[in-house]
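Reviewing the structure listed below.
There are 2 protein chains.
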Amino acid sequence: MASIKDVAAEAGVSVATVSRVLNDHPSVSEDARTRVLAAVQTLGYRPNAVARSLRTDQTRTLGLVISDVLNPYFTELARSVEEEARALGYSVIIGNADERPDLQDHHVRTLLDRRIDGLLVSPADGGSPGMLDAARAGTPMVFVDRWIPGVDVPVVRADGRAAVRDLVAHLHGLGHRRLAIIAGPAATTTGSERVEAFREAMAEHGLPLPDAYIGQGDFQAESGRRVTEGFLDLPEPPEVVFAADNLMALGALDAVRARGLRVPEDIALAAFDDIPWFVHTDPPITAVAQPTGELGRAAVRALVDRIEGRPPQSVTLAARLVVRRSCGEPAPTPHSPVTNRSKS
Amino acid sequence: MASIKDVAAEAGVSVATVSRVLNDHPSVSEDARTRVLAAVQTLGYRPNAVARSLRTDQTRTLGLVISDVLNPYFTELARSVEEEARALGYSVIIGNADERPDLQDHHVRTLLDRRIDGLLVSPADGGSPGMLDAARAGTPMVFVDRWIPGVDVPVVRADGRAAVRDLVAHLHGLGHRRLAIIAGPAATTTGSERVEAFREAMAEHGLPLPDAYIGQGDFQAESGRRVTEGFLDLPEPPEVVFAADNLMALGALDAVRARGLRVPEDIALAAFDDIPWFVHTDPPITAVAQPTGELGRAAVRALVDRIEGRPPQSVTLAARLVVRRSCGEPAPTPHSPVTNRSKS
DNA sequence: ATCCTCCGTGTAATCGATTCCACGAGGAGG
DNA sequence: CCTCCTCGTGGAATCGATTACACGGAGGAT
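Line by line, the protein sequences are chains Y and S.
Residues 11 to 354 in our numbering are what the first sequence lists, from first letter to last.
Residues 11 to 354 in our numbering are what the second sequence lists, from first letter to last.
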């Protein structure tokens with residue numbers, strides 16, 4: 011592969027001049043410029059990004075460590091991150107943690123070894139050693155979706171509080187009283203926050219949230235299935251199951267289906283994170299939708315601000331409720347009488 | 011960030027010795043080794059991968075350019091690729107082409123600039139200039155899923171021919187005679203091959219495949235919707251729509267739903283590529299399943315073979331039919347009388 | 001005792017870029 | 001005509017690693 015020396019030789023100038031042309035530095039004669047450009051053309055020369063990075067100490071690369079690539083929410087996030095980064099002249103290297111702290115650490119370390127300019131993380135846990143080191147070492151960093159309390163890093167996320175309140179109101183309006191939640195890992199902020207928001211909203215309606223109705227999941231489909239089975243085995247099963255992410259909702263659906271029960275007639279289902287497939291499930295699933303694309307873009311902008319010396323800022327966007335059929339038919343008119351519906 | 015020099019100073023040895031310890035070169039005294047290791051520990055030293063790559067001319071990184079990250083088939087592929095690569099000591103940089111040749115080219119070029127050791131591509135088209143250059147320049151490369159005829163690069167893919175034949179037999183057995191297909195871009199091998207396999211299977215059953223029943227899609231949901239609408243507007247609409255990928259099937263489902271028609275009563279639906287969501291759509295969708303994980307792993311193994319000087323080999327795995335309810339109930343007994351069903 | 005090996009180590013070249021500094025030519029101003 | 005700038009250019013240092021080569025000392029063989 012041709013190097014800058016070859017180009018210099020071909021153009022009959024020094025490597026310094028070639029470099030200047032390539033970085034359009036002002037003081038290069040028109041003549042030299044054309045000769046260099048011609049040489050670049052004939053040799054098909056492309057600068058070696060590795061060498062350049064070594065010298066300039068910047069890679070124009072961002073690292074993105076996400077919790078689970080198989081989760082459509084995160085792939086949409088990854089896509090918008092890459093898009094915005096590309097627009098700003100950066101590449102993105104994605105690391106998939108599969109919700110495993112050890113894998114997350116592996117990726118953080120690998121990315122740091124590659125001297126990425128900045129790191130976007132959606133932590134799978136309360137802060138693995140590698141991540142904390144990175145934060146402490148001053149690597150430009152931004153948390154997206156999930157974050158770690160007490161670590162001084164900007165956070166870009168959606169606030170689902172209002173949407174969860176809307177959801178509970180919606181469920182209450184439909185006559186549901188016994189609501190259960192499949193929570194995410196307590197070590198993640200999204201894991202605990204969603205439960206908190208749910209609990210508060212329940213309290214506003216004077217509804218109890220017994221411990222038996224709080225299932226512990228891990229954001230994976232299998233845990234949704236397991237927890238839901240537990241709910242169904244209860245002497246008094248809940249009327250509604252609210253899954254804290256889309257994969258656990260999928261698992262819940264599996265569990266319900268396996269018992270031969272129907273949604274929403276026998277049990278209602280709602281989820282956090284809206285994804286395209288929810289329109290097509292049987293039945294379509296009511297969900298709290300995050301502005302995923304905007305989240306990704308905002309996170310990149312914050313990170314690049316930090317990298318390029320501008321003050322980054324945390325961003326919190328609102329999530330919103332998308333009502334579909336999985337919790338029962340919405341009341342036909344806004345001022346209809348209290349809907350009642352008895353469950354199995 | 012600490013460099014090898016700092017470690018050398020701290021340990022009271024030369025950088026050469028430090029390097030030797032780190033790459034566990036045999037001739038280092040036990041004493042020097044422990045001192046270096048201690049210095050590494052106290053300084054929290056991590057070798058600079060950029061510098062190392064420049065010197066050794068290898069990055070231990072693979073590039074993966076996929077057609078569409080939002081397609082669950084490709085994210086599963088990406089996941090298995092990363093997994094296998096990690097097991098073999100490589101990292102993966104993913105580029106998302108969004109089915110756009112220009113974006114694909116952008117990523118190929120960027121990856122080459124970064125001097126990745128090898129490239130895994132699922133080409134979005136018949137061969138963009140950048141890709142052909144890469145192949146010609148001798149960059150280790152392997153095509154996965156899709157490939158480009160005439161380019162001398164190993165191919166790892168699934169052969170859907172038998173599964174498509176099974177599908178057509180299944181549909182025929184259900185009494186369906188008017189089958190239509192939503193094809194992928196003709197420039198992609200998977201785009202044309204699937205139509206070819208479908209056409210052959212139809213011929214085996216003596217069924218015609220009129221041009222009006224071959225819709226041109228682009229592997230995106232929207233095109234599935236558009237083509238399906240066209241089918242439904244035909245004077246004699248098909249009884250079955252077979253989408254050549256999962257996203258177009260999603261679009262087809264949308265279109266059918268929008269007309270107030272039911273699947274499979276009014277029109278049957280089948281898809282290429284099985285994904286977890288197909289179990290939960292309304293109705294569950296019959297699909298041709300590829301061994302996606304195995305495909306990804308085999309592709310990485312082939313590429314790494316090529317990189318490390320072993321002869322790589324093309325791999326073709328079989329796909330299989332997964333029958334669900336979207337084409338009608340399977341015959342209750344193997345020797346049941348011909349099922350008949352009249353369509354709208 | 002002498003010579004040869006082998007081992008552990010350090011010095012320095014190298015990878016491919018960027019960039020500081022010096023230098024020569026040419027133009028402007030005195 | 002001399003001086004001083006400015007401009008275009010090239011030489012060489014530099015980034016952080018790896019590695020060929022040289023060298024000194026220890027130990028074994030003769």
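All C-beta atoms, glycine included, are put in the ideal place defined by N, C-alpha and C.
For residue 136 of chain Y, collect the residues of the same chain with a Cβ closer than 7 Å to its Cβ; drop the 5 residues on either side in sequence, then sort them by chain order. Result list for residue 136 of chain Y: 158, 197, in chain order.
Residue 317 of chain Y - containing alpha helix (DSSP H), residue span: From DSSP, the alpha helix (DSSP H) with residue 317 of chain Y extends over 302-317.
Return no unless some Cβ of chain S is closer than 9 Å to the Cβ of residue 353 of chain Y. Any reading at residue 353 of chain Y must be qualified, since the residue scores a pLDDT of 38, below 50, and its modelled position is unreliable; the value itself is stated next. No, residue 353 of chain Y does not count as interfacial toward chain S.
In chain order, what residues of the same chain have a beta carbon less than 6 Å from the beta carbon of residue 21 of chain Y, not counting five sequence neighbours either side? Hits under 6 Å: 45, 46, 49.
Can you give me, in chain order, the residues of the region 47-63 of chain Y that have a beta carbon less than 8 Å from any beta carbon in chain S? Those residues of the region 47-63 of chain Y that come within reach of chain S (Cβ to Cβ, closer than 8 Å) are 54, 56, 57, 58, 59, 60, 61, 63.
Using a Cβ-Cβ distance under 9 Å, would residue 219 of chain Y count as near chain S? By this cut-off, residue 219 of chain Y is not an interface position.
Here's the rule: buried if 16 or more other CB atoms are within 10 angstroms of the residue's CB, otherwise exposed. What is residue 203 of chain S? Buried, by the Cβ-count rule.
With a Cβ-Cβ cutoff of 9 Å, do residue 293 of chain S and residue 335 of chain S count as a contact? In this structure, residue 335 of chain S lies closer than 9 Å to residue 293 of chain S by Cβ.
Just list the residues that DSSP pairs residue 330 of chain S with in beta bridges. Looking at the DSSP assignment, residue 330 of chain S forms a beta bridge with S/299.
Of the residues that make up the region 229-260 of chain Y, which ones have a beta carbon closer than 8 Å to any beta carbon in chain S? The region 229-260 of chain Y vs chain S, Cβ under 8 Å: 231, 260.
Counting only C-beta atoms, is residue 177 of chain S closer than 9 Å to chain Y at any point? Output row for residue 177 of chain S: interface = no.
Identify the contact partners of residue 101 of chain S in chain Y, using a Cβ-Cβ distance below 7 Å as the criterion. 120, listed in chain order.
Cβ-based neighbour list, residue 68 of chain Y, same chain, cut-off 6 Å, excluding 5 preceding and 5 following: By the criterion of a C-beta distance shorter than 6 Å, residue 68 of chain Y is surrounded in its chain by 127, once the five residues flanking it on both sides are discounted.
Whose Cβ in chain S lies nearer than 7 Å to the Cβ of residue 86 of chain Y? Within chain S, the residues near residue 86 of chain Y are 80.
What does a CB cutoff of less than 8 Å around residue 187 of chain S pick up in its chain, not counting 5 residues either side in sequence? Result list for residue 187 of chain S: 217, 249, in chain order.
Helix, strand or coil: how does DSSP classify residue 347 of chain Y here? Note that residue 347 of chain Y scores a pLDDT of 39, beneath 50, so its modelled location is shaky; the value from the coordinates is reported in the next line. Residue 347 of chain Y carries a coil assignment under DSSP once its states are collapsed to helix, strand and coil.
How many angstroms separate the CA atom of residue 104 of chain Y from the CA atom of residue 105 of chain S? Residue 104 of chain Y and residue 105 of chain S: Cα-Cα distance of roughly 10 Å.
Which residue comes first and which comes last in the alpha helix (DSSP H) that contains residue 41 of chain S? Annotation: the continuous alpha helix (DSSP H) that includes residue 41 of chain S extends over 40-53.
Is the beta carbon of residue 138 of chain S sitting closer than 9 Å to the one on residue 162 of chain S? Cβ distance not < 9 Å, so residue 138 of chain S and residue 162 of chain S don't count as in contact.
Indicate whether the contact test is met: 3 or more Cβ pairs, each with one atom in the region 107-124 of chain Y and one in the region 86-98 of chain Y, closer than 8 Å. In the pairwise beta carbon analysis, the region 107-124 of chain Y is classified as not touching the region 86-98 of chain Y: fewer than three pairs are separated by under 8 Å.
Taking the continuous beta strand (DSSP E) assigned at residue 74 of chain S, which residues delimit it? Here the beta strand (DSSP E) through residue 74 of chain S covers 71-76.
How far does the beta strand (DSSP E) with residue 130 of chain S in it extend, from its first residue to its last? Residue 130 of chain S -> beta strand (DSSP E) spans 128-131.
For residue 220 of chain S, which of S/261, S/124, S/178, S/246 has the nearest alpha-carbon? Taking each of S/261, S/124, S/178, S/246 in turn and checking the Cα distance to residue 220 of chain S, the smallest one comes out for S/246.
Residue 134 of chain S versus residue 225 of chain Y - alpha carbon distance: Rounded to the nearest angstrom, the gap between the Cα atoms of residue 134 of chain S and residue 225 of chain Y is 43 Å.
Looking at the unbroken beta strand (DSSP E) that takes in residue 101 of chain S, where does it start and where does it end? Going by DSSP, residue 101 of chain S is part of the beta strand (DSSP E) stretching over 101-106.
Note down, in chain order, every chain Y residue with its Cβ under 7 Å from the Cβ of residue 104 of chain S. Result: 104.
Under the rule that 16 or more other beta-carbon atoms within 10 Å means buried, what is residue 244 of chain Y, buried or exposed? It counts as exposed.
State the DSSP-derived secondary structure class of residue 22 of chain Y, mapped to helix, strand or coil. Reduced to three states, the DSSP call for residue 22 of chain Y is coil.
Limits of the unbroken alpha helix (DSSP H) element including residue 212 of chain S: Segment 199-214, the alpha helix (DSSP H) holding residue 212 of chain S.
Name the chain S residues that come within less than 7 Å of residue 92 of chain Y, Cβ to Cβ? Result: 106.
Best match in S/53, S/325, S/272 for proximity to residue 308 of chain S [C-alpha to C-alpha]: Minimum Cα-Cα distance from residue 308 of chain S among the listed residues S/53, S/325, S/272 corresponds to S/325.
Within 10 angstroms of the Cβ of residue 35 of chain Y, are there 16 or more other Cβ atoms? Answer buried if so, exposed if not. The residue in question, residue 35 of chain Y, is exposed, as its Cβ has fewer than 16 Cβ neighbours within 10 Å.
Kindly give me the distance between the Cβ atoms of residue 284 of chain Y and residue 299 of chain Y, rounded to whole angstroms, as I take these residues to be in contact under 8 Å. Correct: roughly 3 Å between the Cβ atoms.
Residue range of the unbroken beta strand (DSSP E) whose run includes residue 226 of chain Y: Counting along the chain, the beta strand (DSSP E) containing residue 226 of chain Y begins and ends at 224-226.
Member of S/155, S/310, S/339 whose CA lies at the smallest distance from the CA of residue 99 of chain S: Its Cα nearest to that of residue 99 of chain S, the residue S/310 stands out among S/155, S/310, S/339.
C-beta neighbour in chain S for residue 294 of chain Y, strict 9 Å: Answer yes: the Cβ-Cβ gap between residue 294 of chain Y and chain S drops below 9 Å somewhere.
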